[in-house]
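Take 67 as the starting number for the sequence shown in our numbering and just add one per residue. Backbone N, C-alpha and C define an ideal beta-carbon position, used for all residues, glycine too. Quantities reported herein were computed from a predicted structural model and do not represent experimental measurements. Notes follow once the structure below has been shown.
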Amino acid sequence: MFQVALHRIAQKRPSRLEENCSYSELEIVITLYYSYSRSTTEVMADTGLATVTLKVINDLDPASQPYQASVSVPPRSSVYTLLLQASADDPDFTFQAEYDDEWSSHLVTSINGVTASNEDGTYWSFENQYKVAFDRGVDLIGVFNTDVIVFRFKSWRVAKQGRPAHQGRPAKPV
């Protein structure tokens, strides 16, 4: 992939994915991709497995203890596989998920006994270490060495401080 992309830059023939990037932006992306791939491969050379940090946080109950575990899975395993491995490794970690045809993936409904509910307006969201939420189900996201996957229990009905949740327009100033 690295050599093919550099070849396109040299010939100034962008692919459809590259149409909106200037060549300097594309070179930076390729360099970062190449650096990340090399360092990831070097770190997991001993076992061949990716070591991923799994975190579980309940945003609705500040008194609840966050969960954190280091889980080893083959690189590119799905987040669903990561959850299965975590439950096999740690009997105190449990989760439930339902397959959703519309999403073509499992959707997590419960972690460690905390269950999402449409009636309560609660759900489990998952994101990377930079707090960027994934827009697909757990079967469609692959993990790599040193990744951090964070599951957050949230509500779409109640925002912080007891105010109504944002409904697509800014709140009026008080």
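Spatial neighbours of S183 within its chain, please: CB distance less than 6 Å, with the 5 preceding and 5 following residues excluded, ordered by chain position.
The count along the sequence shown starts at 1 and reaches residue 183 at position 117. Closer than 6 Å at the Cβ level, and outside the excluded window around S183, lies no residue.
Short of 6 Å in beta carbon distance, which residues of its chain neighbour S191, apart from the five on each side in sequence? Order them along the chain.
Taking the first residue of the sequence shown as position 1, residue 191 is located at position 125. Hits under 6 Å: A199, R218, K220.
What three-state label does DSSP hand L120 in the structure shown?
What you label residue 120 is simply residue 54 of the sequence shown in a count that begins at 1. If DSSP states are grouped into helix, strand and coil, L120 belongs with the strands.
If we ignore side chains and look at the alpha-carbon of each, how far apart do G187 and Q134 end up?
Along the sequence shown, read from residue 1 onward, the residue named residue 187 stands at position 121. Along the sequence shown, read from residue 1 onward, the residue named residue 134 stands at position 68. Approximately 25 Å, taken between the alpha carbons.
What whole-angstrom Cβ distance do L173 and E164 have, given they're in contact under 8 Å?
In the sequence shown, residue 173 corresponds to position 107, counting from 1. In the sequence shown, residue 164 corresponds to position 98, counting from 1. That pair is a contact at about 6 Å.
Does Y133 come out as helix, strand or coil in the three-state DSSP assignment?
As a position in the sequence shown, residue 133 is number 67, starting the count at 1. The answer is strand: DSSP assigns Y133 an E or B state.
Which whole-angstrom value describes the C-beta separation of V120 and A154, a residue pair presumed to lie in contact below a C-beta threshold of 8 Å?
In the sequence shown, residue 120 corresponds to position 54, counting from 1. In the sequence shown, residue 154 corresponds to position 88, counting from 1. A quick correction: the sequence has Leu, not Val, at residue 120. Wrong, their Cβ atoms sit about 13 Å apart, outside the cutoff.
Secondary structure at L126, three-state DSSP: helix, strand or coil?
Here residue 126 is taken as the residue at index 60 of the sequence shown, counted from 1. Residue state, collapsed to three classes: coil.
Just curious, the beta strand (DSSP E) that D40 is in, first and last residue?
Given a span of 67 to 240 for the chain in the structure shown, any question on residue 40 remains unanswerable.
What's the call for Y146, buried or exposed, on a 16-neighbour Cβ count within 10 Å?
Locating residue 146 in the sequence shown gives position 80, where the first residue counts as 1. Result: buried.
In terms of residues, what are the limits of the alpha helix (DSSP H) holding Y196?
Position 130 of the sequence shown, counting from 1, holds the residue named residue 196. Here Y196 belongs to no alpha helix (DSSP H), and DSSP marks it neither H nor E.
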